[in-house]
Structures are given as C-alpha cells and as structure tokens.
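Structure record follows, encoded as structure tokens.
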Ligand SMILES: Cc1ncc(COP(=O)(O)O)c(C=O)c1O
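In the UniProt record's numbering, the protein residues as written are 1 to 389.
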C-alpha cells in the first residue's frame, strides 16, 4: 500500500519512555519559542500589513523580501544580490527542492556524520540516497576533505557550519580542498548555515554564500536566525560559475513555482521582521553563550564529563566514560531524575559515549540536568570501582 520512501516508524526505547515519563527538565529543546526568551510583543505586527491582502505569486519570492535577505549577507561583506536568493518555506523544503533539482532517483548527497539526523529522511522522501562522510573524531569532528570518499551516484556534498550538534565549522584550509573536490567531481556544494549567526568561539570561519568557484547553495532561514520557526520562511543563496548558477536558479524557480509555498503576508513582512528580530537573535546569542559558560562551571564538579568545545550553534556535546550505554543512561535519567538528554547515537557519532545538550534551555534547567547527569554517572563509576564488580 505505501511507498518505501516513508518508513513505518517504530519508536526507540527512549522515545517510548518520553510518553510514560514526561521530562521535568528537557535538555533536548531546540524550539526557541518555548524556553522563556524575551520576544518583542509586537514582533509579528508586520504580518497584518494590508499589502498581504493582494496575491502576487512570485516563484522565487517577492523582490522586497529577497532584497532584505541579500542585505543580510552584504552586511557581512559577502557578494550576494537579490537575484541569487530563492525563498522557501523552510530549510527542510530547501533540501527537498535541491534533491529534486540535482538527483535522479537512486542518486544522492554526501552528508556529514555525526550531524543533523533529518537528512536521511528528507532524501529518502525524494527517492534519493544518503551517502556519509566522516567528521573524524581526531579532528574534533571537523571536516577533513581528504576523508570524503568518491562514491557512485553522488550529486552534492552537504556541509553544516556550525554543525548540529558538534558546533564545528569548516577549517579554513579544508574549504579550498572541498571546493576543489566539488569542481573536479562536478558535485554541487550545499552549505547549511542556519546557525551561522550564533558563534561561540573566536575561531576563524568563512561563509560559503556567494562562492563563485563551484555550484553552491547556502541555506538559511527564520527558524534559527530570529527564532521564529512558526513563520515558515527559509532561503537559498545560489552562486557558482555564472552560466551554471543561472541554469540552476531558473530550474529551482520552476520547481518553486509548482508549490508557491511561502505565504504572501510573511513575504511582505519579512524586511521588517528581520529588523525587529535582531533583538531575538541577540537574546538567543546571549542565552547560548551564558549557558556554555554555565556548563563549563558545572562540569568542574564532574571531571569525568568532557565537553567538546563548540565553535557555534545551539548545542554542546559531552563525552562520558563508557560505564553505561547511551540508551541506558538517557532512560535512567528520564525515569529517575525527570531529565531528558539526547544520546549521541541519534546523531550517528562513531561510537558510544556521547550526549547532546541544548544550550537554548533556561539556565536553571541546565544546572539541574547536569547535576543529575553528573551524580548518576558518579554512582556508576563508584559501583564499577567496587571490588568484584
Ligand atoms: C542543521 C539544520 N538544518 C536545518 C534545520 C531545519 O531548519 P528549518 O526549521 O528551517 O527547516 C535544522 C533544525 O534544527 C538544523 O539543525
């Protein structure tokens, strides 16, 4: 009856437990609207602009909205014009359009591992394959272009910077190697930079927006940039060798025209929402930075928990001694302490021993959850150390 593009879902043990034991402290939250951040009360007032009453379909998006997005990049010194911007309903939709644009059924994208777990589902829904390349543990989970193996059927390489959940960015030397690889293989480069505006370190980094050297799609959106996932606005910045980028853009416009999925009132309001949303972006940036500091302080009491320093983003990764499996640990924390944490295997880390903590959460939740985690592990380490155990 059903296509193989949609799996029949069997919830794992931890997901099943979430309904039996709703967490008191949820350290998996990635929804910025539910963590007590201050949003200006009139932030969405521009949606009531009467211009939204008239429907003027525009496949790539209204020019005023595209100009406002291009301006975000130009403000960072990046060479991006409104003609290179295509609006979508979300970053997820951008991925789906790119799979339609680039792949025949059975072809696919190379995606980093560990990273955002939705790639496989998004690609599979387009009858496409997911190929993986490692972000090696030895490099602190940073891209090493030499480790990207050549596979039959690859049409694009996805980089996520800062990566979710490791918070790593593409090291400067690897950037050139990656672009050269894409050119040589005829692959497109898809750079997911949804967390770009949330740096957590001073390490050098460079956006791919406007990259002229190979066909490049940089993805961004309101859900992270100004903490408004409910507005359903994302975008792609298309660049590369002129003819190729132009051809890609007009084909994307054709695809977008078959859906016209971005609501007119949202597009009309976009310039104003981007400007008002600056306050939210700052609020989120301050929250994640302060939580990273708090995390470091709390970890001082539990030296067996090791933080992998993030360079940006909304999450942090902890390495813990392998005295218990990730699944047993997160289930025990949920059941006994009411704390929800993501196990590393959700993000395809190369082995056991990782947890992912959201830095978006209220600070008191973070402190409570880390103490519960530290004490639980302390107990396990002590029982391992007992004679005869
Ligand atoms: C790396 C990454 N890309 C894309 C998305 C999805 O963004 P959107 O809400 O715009 O679809 C997420 C959501 O968490 C993400 O972590």
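All C-beta atoms in this analysis are idealised placements derived from N, C-alpha and C, irrespective of residue type, glycine included.
Every value quoted in this text rests on a predicted model; they were computed, and no experiment measured them.
{"query": "Distance between residue 161 and residue 103 (C-alpha atoms, nearest Å)", "result": "23 Å"}
{"query": "Own chain residues within Cβ distance below 7 Å of residue 276, not counting five before or after", "result": "40 and 43"}
{"query": "Residue 116 Cβ short of 7 Å to ligand 1 heavy atom set", "result": "yes"}
{"query": "Distance between residue 151 and residue 340 (C-alpha atoms, nearest Å)", "result": "37 Å"}
{"query": "Whole-angstrom distance between residue 85 and residue 249, CA atom to CA atom", "result": "9 Å"}
{"query": "Within 8 Å, strictly: CB atoms of residue 148 and residue 157", "result": "yes"}
{"query": "Residue 16 - partner residues in DSSP beta bridges", "result": "DSSP output for residue 16 lists no bridge partner at all."}
{"query": "DSSP three-state assignment for residue 53, whether helix, strand or coil", "result": "helix"}
{"query": "Span of the beta strand (DSSP E), counted from its first residue to its last, around residue 240", "result": "No beta strand (DSSP E) holds residue 240; DSSP gives it neither H nor E."}
{"query": "Reduced DSSP category for residue 148 - H, G, I as helix; E, B as strand; rest coil", "result": "coil"}
{"query": "8 Å CB neighbourhood of residue 5 in its chain, flanking five on each side removed", "result": "124, 125, 126 and 127"}
{"query": "Status (buried if at least 16 other CB within 10 Å, exposed otherwise) for residue 282", "result": "exposed"}
{"query": "Outcome for residue 2 when other beta-carbon atoms lying within 10 angstroms are tallied against a minimum of 16", "result": "exposed"}
{"query": "Burial state of residue 258, where buried means 16 or more other Cβ atoms lie within 10 Å", "result": "exposed"}
{"query": "Assigned secondary structure, residue 418 (DSSP; H/G/I helix, E/B strand, else coil)", "result": "In the structure as shown, the chain begins at 1 and stops at 389. Residue 418 is therefore absent and cannot be evaluated."}
{"query": "For residue 72 and residue 299, believed in contact at Cβ under 8 Å, the rounded distance", "result": "Wrong, their Cβ atoms sit about 35 Å apart, outside the cutoff."}
{"query": "Residue range of the unbroken beta strand (DSSP E) whose run includes residue 142", "result": "First-last for residue 142: undefined, no H or E at that position."}
{"query": "Rounded separation between residue 203 and residue 98 - CA only", "result": "30 Å"}
{"query": "Under 6 Å, CB to nearest heavy atom of ligand 1: contacting residues", "result": "30, 90, 91, 92, 116, 160, 164, 192, 194, 221, 223, 229 and 234"}
{"query": "Buried versus exposed call for residue 10 [16 or more other C-beta atoms within 10 Å across all chains shown]", "result": "exposed"}
{"query": "As assigned by DSSP and simplified to three states, the class of residue 216", "result": "strand"}
{"query": "Nearest-angstrom Cα separation, counted from residue 236 out to residue 399", "result": "Not covered by the structure: residue 399. The range shown for the chain is 1 to 389."}
{"query": "Where residue 58 falls: helix, strand or coil (DSSP)", "result": "coil"}
{"query": "Start-end ranges of the alpha helix (DSSP H) lying completely within the stretch 69 to 124, minimum 4 residues", "result": "91 to 102 and 119 to 124"}
{"query": "Bounding residues of the beta strand (DSSP E) (the contiguous stretch that carries residue 192)", "result": "188 to 192"}
{"query": "Separation of residue 375 from residue 324, as counted between CA atoms", "result": "14 Å"}
{"query": "Contact under 8 Å by Cβ, residue 338 with residue 24", "result": "yes"}
{"query": "Per-residue burial, residue 96 [other beta carbons within 10 Å of its own, 16 or more giving buried]", "result": "buried"}
{"query": "Contact under 8 Å by Cβ, residue 240 with residue 215", "result": "yes"}
{"query": "Bridge-paired residues (DSSP) for residue 312", "result": "199"}
{"query": "DSSP-derived helix/strand/coil call for residue 396", "result": "There is no way to answer for residue 396, as the model of the chain reaches only from 1 to 389."}
{"query": "Residue 192, buried or exposed, once every other Cβ within 10 Å from all chains shown has been counted against 16", "result": "buried"}
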